[in-house]
Structures are given as structure tokens and as C-alpha cells.
Amino acid sequence: MKSLHAFTRSLIIASAALVSVSASAVDFPLRADDINLNYRYTTTNHWSKGAQADGFDILAQRHIGNGKWSEFKTDNADTTLNSSRIIYGAKIRAMDAGTVVNCWRNSPENTPGSNHAKVGEGYIAYAGNYLYVRHDDGNYALYAHAQPGSIPTSLCPHNAVYNSTGKAGYVLNSEGKVSGGARITKGQVLGLVGNVGNSDRPHLHVHMQTSADQPVEIKFDHGQTTPFTNQTASVNASWTLLQGKKLPAGEVMIWAPHSVAYWTVNNIPDERMQAWFNHFADSGVMPNVYACTDNGQIYNTGWVPSNGSWQAFHGMSLTAFTKKSNDLANLGYTRYGWWYCGSVYTGIWRK
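The opening position of the sequence shown corresponds to residue 1287 in the working numbering, with each subsequent residue numbered one higher.
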């Protein structure tokens, strides 16, 4: 059993939006709470050239044993159905504030493994159903392959199914330009993940670029990553907080942030507790329940929107717990709650 884990957070505003830790960083476009608590997102580098060079194709996966993961909801899922994929229908969220300048919303979906015939004929753009957004810093972001009709008309006024003339090989629809486009806010839901356009399975493609079609590195405020080399990652993997950095190169597993809300997660093994702790604290929530069982082998937790400064520790002996209480009291903290299981103590302190 590990000993004495901690995390400290200063003021985080309790709201639907996460707090930025870097002026140049953006929100991850998906949230952990849109899939099962124990599922994770994965990605690889998308394309080595052009405007998409720093883009990503994002999937969602569940652990199936021995460090292996699956994109499918069940072991016996019908692989010909888009709805069999975990990521299908996840909410796409705006990475940053901006204005819609090009969009499409009603093209039909592909069958997994092949493109719709109209893609090859040029009546469906490679991006499928998408939003192309000019951020307030002048750069652009593409959110591609959304489910038909899931992008609201308030964001995309185009209701045609196909482009009126075939122009094969284009990422965006030639008739998708928008004048006086809708404003979007950081974290706003834009649509649902689908499988439309140049896409062999449900996934979200995102990339950022300049007005001169040069790629822009995407740096994310929140989330954690661990290597996913050869499509393999331990459920007890070590995670690294992004905190304003870009995703590592290659195959990566991503623990996206949770929405700021009220959450309960129980039966967390001790060897995973620190990663869960960092995940929730990084997401803008703080613990209000931090109970342990089985002499600190299992933790049952509750989380609420962060408000003010707080500290929390687990895996402490009675001596360490007593000293921590005294030290934090001298710093102006009040003990909010404490729990023990056998010889192990946990505690939460707030200002």
C-alpha cells in the first residue's frame, strides 16, 4: 500500500467550464463523463503533412484484460454498426471560443469499414458533418465526422444533405461557407461523434491551423495521458497531467477531464487512487467524501465543484494524520472531514 498522497488546489471557480491554466491552451474536445467511468480515449498522430499535421483522430476504449483494450461496447458487438463503438454519440465540445465560418450537418453516415459512395463522388466533403471555427486569436479549428443532424441549426444553417455539385478530395464542403456565423463558447456542446465523410469508423477528428493553412500545435489545459504503445496500457498505469502541454507523440491514452459537477466514485483500488485524485482535482472539483476500507486498500469518494483553497490526503498513519491536522490548522485550514480504516487515515481540509 502506498503512503501519504496529497493534492492542493487554490481557488477554482465552480462552473460548467474548466478553468484555463495557460493563455495558449484549450479544452479537450471530449469529457470523461460522456463514457463509462473506467473507459478512456485514445489517439495517434493523424497526418504528417499539411494543415492537419498536428491533428488527432480520437477513439474511446474499454479494458478487456492483460493491458488490452477494445473500441466496442461488448465483446460480441456487431462490428458493422456505428452504434457498437463506445465513442459513437459522445458530445463534441468546443476547445475554445470562436465564430463558425464553414459547416455541414446532414450528410449520411458510413458503414464501418467503407466510405459512403457520395464521398468518392465529391458530394460529401472529407470532413463529413463538421464545424470549422475561427478562434478569437485568428487560428482555425475543425471538428469533423459528426452524426447527421447532431450539429444544431443554431450553429450551422445549412440543411442540404449533399453538395449540389461533386468536387472530390475536398476536406470542407464548397457550399458550407457561413457569413455572420454563430458564436460559440469554450466547452459548448457542438454535436455528437459520428462516422461521416472520409472515415472508416466512428471517431472525432480535430486539428487547428492558421489562415495560411499551416498546422498549429494543440495544447490542452486539462487531462492526463499515458503511453498506449502497441495498443496496450495497464489499468494501473502512471498518468501525467497535461497542464497546458500538447499530447505526447505516437499512440496515447487520454483521461479527459470530467465536467464540473457532483460525482461519486466508489471501490477505487489504492494503486489507482492517486490517478483518480489528480483527475478530479484537475477537472475543477474537490473531495467531500474520502472514505477508505480494507485498511486503505479501497477508497469510496464523493466530489463537488471546487470553491476556495483545500487540501486532502490519504494513506496516513495516525501520527501523520495528527501532525497534518495541526500543521494545516496553523495555516488557517479547518478539517472538513476525516475517515479511518484499520491503521489508515484520510482527511480533507478547507479554508
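Backbone N, C-alpha and C fix where the C-beta goes; we use that ideal spot for every residue, glycine too.
Distance from the CA atom of Thr1496 to the CA atom of Gly1424, rounded to whole angstroms, is 7 Å.
Counting the other Cβ atoms within 10 Å of the Cβ of Arg1391 gives 16 or more, which makes it buried. For Glu1503, same chain residues with a beta-carbon under 7 Å away, outside a window of 5 residues either side, are Asp1340 and Lys1532 in chain order. Here Thr1451 is exposed, its C-beta having fewer than 16 other C-beta atoms within 10 Å. In the three-state reduction of the DSSP assignment, Gly1594 falls in the coil class.
Counting only the Cα atoms, Arg1636 lies some 14 Å from Tyr1576.
Runs of the beta strand (DSSP E) lying entirely within the region 1541 to 1597 and spanning at least 3 residues, in chain order: 1549 to 1555, 1571 to 1579 and 1584 to 1591. Scanning the region 1341 to 1391 for uninterrupted beta strand (DSSP E) segments of 3 residues or longer gives 1342 to 1351, 1354 to 1356, 1377 to 1379 and 1384 to 1390, listed from N- to C-terminal end. Taking the Cβ atoms as the reference, Gly1480 lies roughly 19 Å from Pro1443, outside the contact range of under 8 Å. According to the DSSP secondary-structure assignment, Pro1513 is paired through a beta bridge with Val1538. With a beta-carbon spacing of about 17 Å, Leu1441 and Ala1411 fall beyond the 8 Å limit used to define contacts. In this structure, the beta-carbon distance from Thr1360 to Gly1399 does not fall below 9 Å. Pairwise C-beta distances place the region 1372 to 1388 in contact with the region 1335 to 1350, as three or more of them are shorter than 8 Å. Residues of the same chain with a CB within less than 6 Å of the CB of Trp1355, apart from the 5 flanking positions on each side, are Gln1347 and His1349 in chain order.
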